[in-house]
Structure formats: structure tokens, C-alpha cells
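Everything below concerns the one structure shown next.
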Amino acid sequence: MTYPSRESPLPDALLTSPAMRRACAERDVGAIFALARDHGGMSLSRLGRLCEMTPSRVGDYIKGRARVRQQHVVERIADGLRIPGELLGLAPRPWQADPDPDPADEVAVAPGLRARLADSVVELDLGITLEVDKEGWAQVTYRHHVLNLTDRPLTRFARELWFEHGEGPLEITPVPDAKHNVAVERIHDAGTLAKFACRVSPPVPPMGSATISYRCTGGRFTEGHYWRQAITRYTLRLHIDVRQQGVARLVDATAVEEYPDGATQPIDAEVRWSHEGSEASVQLVREDLRPNQFVTLHWEAVREGT
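Going by my numbering, the letters in the sequence shown line up with residues 1 to 306, in that order.
Quick look at the structure:
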């Protein structure tokens, strides 16, 4: 089955080509991305945006340094590039059945996973961007893309933020979204610790999805450069993106994953980092995280003038 070009960023001729069909049948994501780049004129950045992953991760797939193991990653690629589900061995995607789908139907979660997570709010994607200026002051932006698997409308989303250093209370502001209004309700402030809730309007209905975003300022990185993220809900994908200015040298970047039983696992191989001019960039992507886990990203940066 072919689809109009408006439904896919890939040219129709490429989408129906033997090479693309073979890559899809084998679920060779690296080959799919390479074909999209070489014959569809798509950059790694655009592929990453459409498939909800970092450009470096796209590059890893193309170079054969990573292979897809999770079903939901294949589903994200199918939805991002508008590849019909049958080509990838999937059920028909929601956008195939309805040219104007309900937002709740645009999110695909495997039936087995959905059954296990019944009566939960699931983080389909948790994105954290830290922008650090040359003095160490940080602006942190959170983007929670959530799916409501409960039988109740989701009206309130509890959160907590903490900085080791900074000026309290932290300033937290909602980031506008086209489909939902978000208001920040302060619950408790103690120095650089902030407990708050995001009130969502209109409420997210059962089986509905929403993006809840907010921005925090007032925290500062001094000598220690790290970000420790608590996982409070089942999280299909976490990505942390750090950009720091005024860096003379980026020495190293490491990461650790902590489990509910106290065990830890180094995940340094999943960290991507670079240094260009005076800007340091560090990225980490993790998948299939469960409540009561922690992910900590460390980076050792030597600032200019020190």
C-alpha cells in the first residue's frame, strides 16, 4: 500500500523501493536512516526530531554501533517517517486508519506493555535540557510526554526539583503547549528545593496523551557538574541534553544507573560528548526505565579563566 507524499517525509519512490522494503522487512534501522539521508535528503537532525532521538543516536544506527531491540523504538520510527506498519511487521499505525486521528490515538503502546501498566501514567518520553552559562547559572527545561492509562482524567502532575547551589526559591514557569494549558502550583520551597504540581487544562482523558513542559532557573553549577534524575513513573525513553558555555576543556563524561535494590551499573558507553570552541555538549539517552530508579550524568568541565 502506498501513501500520499504529504503523509510521509520520504519520497514515494523511496518508500516503495526494493532497498527500503528490504531494510524495513529486516528492521535494519541503520539502513532505513541511511536511505532517508542519502536518497531522501534528510539530515541526521531532522531524522532525530521526527523519530524522537538525538542526531548522534541516529548516526550510531547508521554506522552499525547500535541496533534496535525495543518494539516501541520501531513504532516511533514508523510513526515519525510515516512508514506503513505492515512494512515493519507492525499492526497498522493509527494514522493509517484515520486521516484525522484523535490525539489519544496518535500514541502507540504495545498491548502487552499497556496491560502491565494499567492504571498508571506513563512517560512515553522525558526530555531534559540543561543550558549552563559561563558563570554556571542554569536554565533547565523539562518536557514530559505522558500517556494516561488510568480510568480517570489527569488534572495534576506532581514534580520536584533540587539544585545543590543557587538562589532560592527556584523560579519555575510553564512552557506553552498548543493543546493543553499548564499552570504551576507551588507546594513547598526550601532554599533550592522546590516541590510543585503542574495543573493541566483541559484534563488529559483516559488513554489520552499530553506534553507537559516547564522551565526552571535559579540553580547554579559550581565545581561539581552532575544531574541526578529520579524516575518516578515507568519511562519508555529518557534523554538528557547538556549545553555549557565558557568551557576551556571538557575532560570526561560518565553516567550511572541505579536500581531500586541499590545496585548500580555504569552506562558510560551511552554518553555522547563534544567540545567546540567554548561550548561543551553532553547527551545521554536511556530506555525502559522503571519507578524508583535513578540516572546520574556527570561531566568534568574546566572553565575558561580557571
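Positions of the beta carbon are idealized from the N, C-alpha and C atoms, including for glycine.
> How many Å lie between Ile-77 and Gly-277 at the Cα?
Replying inline: Residue 77 sits at position 77 when you count from the first residue of the sequence shown. Residue 277 sits at position 277 when you count from the first residue of the sequence shown. Using only the alpha carbons, I get a separation of about 33 Å.
> Could you give the C-beta distance for Ile-240 and Gln-283, rounded to a whole number, given that I count them as a contact under 8 Å?
Replying inline: As a position in the sequence shown, residue 240 is number 240, starting the count at 1. As a position in the sequence shown, residue 283 is number 283, starting the count at 1. The pair is a contact, with the Cβ atoms about 7 Å apart (cut-off 8 Å).
> Assuming Phe-196 contacts Arg-143 under a Cβ cut-off of 8 Å, what Cβ separation, rounded to an integer in Å, is found between them?
Replying inline: If you number the sequence shown from 1, residue 196 lands on position 196. If you number the sequence shown from 1, residue 143 lands on position 143. About 16 Å separates the two Cβ atoms, so there is no contact after all.
> Fully enclosed by the stretch 49-86, which alpha helix (DSSP H) runs are 4 residues long or longer?
Replying inline: 55-63, 71-81
> So Leu-170 packs on Gly-219, CB below 8 Å; how close in whole Å?
Replying inline: Taking the sequence shown and counting its residues from 1, the one referred to as residue 170 is at position 170. Taking the sequence shown and counting its residues from 1, the one referred to as residue 219 is at position 219. Cβ atoms of Leu-170 and Gly-219 come within 8 Å of each other, at about 6 Å.
>> So the candidates are Gly-40, Phe-163, Ala-210; which of them puts its Cα closest to the Cα of Pro-153?
In response: Translated into the one-based positions of the sequence shown, residue 153 becomes position 153. Looking at the Cα atoms, Ala-210 is the closest of the given residues.
> Tell me, which residues are paired with Ser-43 by DSSP?
Replying inline: Translated into the one-based positions of the sequence shown, residue 43 becomes position 43. Ser-43 is not bridged to any residue.
> If we ignore side chains and look at the alpha-carbon of each, how far apart do Thr-141 and Leu-14 end up?
Replying inline: Residue 141 sits at position 141 when you count from the first residue of the sequence shown. Residue 14 sits at position 14 when you count from the first residue of the sequence shown. C-alpha separation (whole angstroms): 37 Å.
> For Pro-11, which of helix, strand or coil comes out of DSSP?
Replying inline: The residue labelled residue 11 in the question sits at position 11 within the sequence shown. Correct three-state label for Pro-11: coil.
> Can you round the beta-carbon distance between Cys-216 and Leu-161 to whole angstroms, since I take them to be within the 8 Å contact cut?
Replying inline: Your numbering for residue 216 matches position 216 in the sequence shown. Your numbering for residue 161 matches position 161 in the sequence shown. In this structure Cys-216 touches Leu-161 by the C-beta definition: roughly 5 Å separates them, less than 8 Å.
> Just how far apart, CA to CA, sit Met-207 and Ile-128?
Replying inline: Against the sequence shown, residue 207 aligns to sequence position 207. Against the sequence shown, residue 128 aligns to sequence position 128. Between Met-207 and Ile-128, the C-alpha separation is close to 24 Å.
> Relative to the C-alpha of Glu-75, which residue among Ser-120, Thr-306, Cys-24 is closest?
Replying inline: Taking the sequence shown and counting its residues from 1, the one referred to as residue 75 is at position 75. The shortest Cα separation from Glu-75 among Ser-120, Thr-306, Cys-24 belongs to Cys-24.
> Buried or exposed: where does Tyr-259 fall if 16 or more other Cβ atoms within 10 Å of its Cβ makes it buried?
Replying inline: What you label residue 259 is simply residue 259 of the sequence shown in a count that begins at 1. Label assigned to Tyr-259: exposed.
> Between the Cα of Thr-235 and the Cα atoms of Val-285, Thr-150, Val-242, Val-175, which residue gives the shortest distance?
Replying inline: If you number the sequence shown from 1, residue 235 lands on position 235. Nearest option by C-alpha distance: Val-285.
> Once you ignore the five residues that flank Arg-67 on each side, which residues in its own chain have a CB closer than 8 Å to its CB?
Replying inline: Here residue 67 is taken as the residue at index 67 of the sequence shown, counted from 1. Cβ within range, chain order: Val-29, Gly-30, Tyr-61.
> From which residue to which residue does the alpha helix (DSSP H) around Arg-22 run?
Replying inline: As a working note, residue 22 is residue 22 in the sequence shown. Segment 18-25, the alpha helix (DSSP H) holding Arg-22.
> Do Ala-280 and Gln-244 come within 7 Å of each other at the CB atom, strictly closer than that value?
Replying inline: Start at 1 with the first residue of the sequence shown, and residue 244 comes out as number 244. Start at 1 with the first residue of the sequence shown, and residue 280 comes out as number 280. Yes, the pair counts as a contact, with Cβ atoms nearer than the cut-off.
> Tell me the DSSP bridge mates of Ala-197?
Replying inline: For this step, residue 197 is matched to residue 197 along the sequence shown. According to DSSP, which records beta bridges pairwise, Ala-197 is partnered with Ala-158, Glu-185.
>> Tell me the DSSP secondary structure of Gly-30 in three-state form.
In response: Here residue 30 refers to the residue found at position 30 of the sequence shown. It is helical.
>> Taking the beta strand (DSSP E) that Glu-257 belongs to, which residues open and close that run?
In response: Start at 1 with the first residue of the sequence shown, and residue 257 comes out as number 257. Judged by DSSP secondary structure, Glu-257 falls within the beta strand (DSSP E) whose first and last residues are 247-258.
>> Rounded to the nearest angstrom, what separates Gly-305 and Asp-133 at their Cα positions?
In response: If you number the sequence shown from 1, residue 305 lands on position 305. If you number the sequence shown from 1, residue 133 lands on position 133. Cα to Cα, Gly-305 sits roughly 14 Å from Asp-133.
> Whose CA, out of Asp-12, Ile-212, Glu-287, lies closest to the CA of Thr-54?
Replying inline: Residue 54 sits at position 54 when you count from the first residue of the sequence shown. For the options Asp-12, Ile-212, Glu-287, the alpha carbon positioned closest to that of Thr-54 is the one of Glu-287.
> What are the start and end residues of the beta strand (DSSP E) that includes His-180?
Replying inline: Counting from one through the sequence shown, the residue named residue 180 turns up at place 180. Premise fails: His-180 is in no beta strand (DSSP E) and is neither H nor E.
> Where in the stretch 256-283 do unbroken runs of the beta strand (DSSP E), each at least 3 residues long, occur, reported from the N-terminal end onward?
Replying inline: 264-266, 271-276
> For Arg-37, does the three-state DSSP call read helix, strand or coil?
Replying inline: For the purposes of this step, residue 37 is taken as the residue at position 37 of the sequence shown. Helix, per DSSP.
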